[in-house]
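Colleague:
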Amino acid sequence: MDLVNLGADCYQYKIRPTMMGGGNGSYSGYRISLRSPWGIENPNATYELIEQTSTSLILKATSKQVDGATIQISFDGNGRSPVGPVSSGYTE
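Note that my numbering has the sequence shown beginning at 536, numbered continuously upward.
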C-alpha cells in the first residue's frame with residue numbers, strides 16, 4: 536500500500552503548478568523526502584525512484600522485514616500503473 540500512496544504523491548506533485556511547489560505537468564524534480572511517510576522512519580521498506588521522466592516513473596521498495604525482497608511499480612503520465620507491481624525475493 537505504501538508504494539501506491541507514494542505513487543499518488545508523485546502524481547499530485549506532477550499535476551501541481553510550479554508556483555505551488557509542483558512539477559507543472561512533469562514528474563521531473565520529484566524527490567522522496569527523508570521526512571515523508573516513505574522516508575527513513577518507515578518500518579516497512581526503503582523507497583527509491585528507479586527511473587524518472589517527465590511522463591513516467593518507476594518506484595522500488597526494498598523490504599525491511601524480508602531479506603532481499605523488493606517490489607517495483609511503474610506509473611504513467613495519468614498516475615496509473617499500466618502493468619502493476621512486480622515483486623522478487625518473496626517465498627510462499
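By construction, the Cβ of each residue, glycine as well, lies at the ideal position given by its N, Cα and C atoms.
Which residues in the same chain as Trp573 place their Cβ atom closer than 7 Å to its Cβ, once the five residues preceding and following it in sequence are excluded?
Modeller: Closer than 7 Å at the Cβ level, and outside the excluded window around Trp573, lie Asp537, Leu541, Ile567 and Tyr582.
Colleague: Distance, Cα to Cα, Tyr625 vs Met554?
Modeller: 42 Å
Colleague: Taking 7 Å as the cut-off, decide whether the C-beta atoms of Gln587 and Tyr562 are in contact.
Modeller: yes
Colleague: Going by beta-carbon coordinates alone, are Asp611 and Ser589 separated by less than 7 Å?
Modeller: no
Colleague: With Tyr548 and Gly560 assumed to form a contact (beta carbons below 8 Å), what rounded beta-carbon distance in angstroms separates them?
Modeller: Contact between Tyr548 and Gly560 is absent: CB atoms are separated by about 11 Å, not below the 8 Å threshold.
Colleague: Of the residues Asn579, Asn613, Glu576 and Pro617, which one's Cα is nearest the Cα of Cys545?
Modeller: Asn613
Colleague: What separation, rounded to the nearest whole angstrom, lies between the Cα atoms of Ile575 and Leu594?
Modeller: 16 Å
Colleague: If Ile608 sits next to Ser616, beta carbons under 8 Å apart, how far is it from one beta carbon to the other, in whole angstroms?
Modeller: Yes, they are in contact, since the Cβ atoms of Ile608 and Ser616 sit about 5 Å apart, within 8 Å.
Colleague: In its own chain, which residues sit with a C-beta less than 6 Å from the C-beta of Ser598, not counting the 5 before and 5 after it?
Modeller: Ala580 and Ala604
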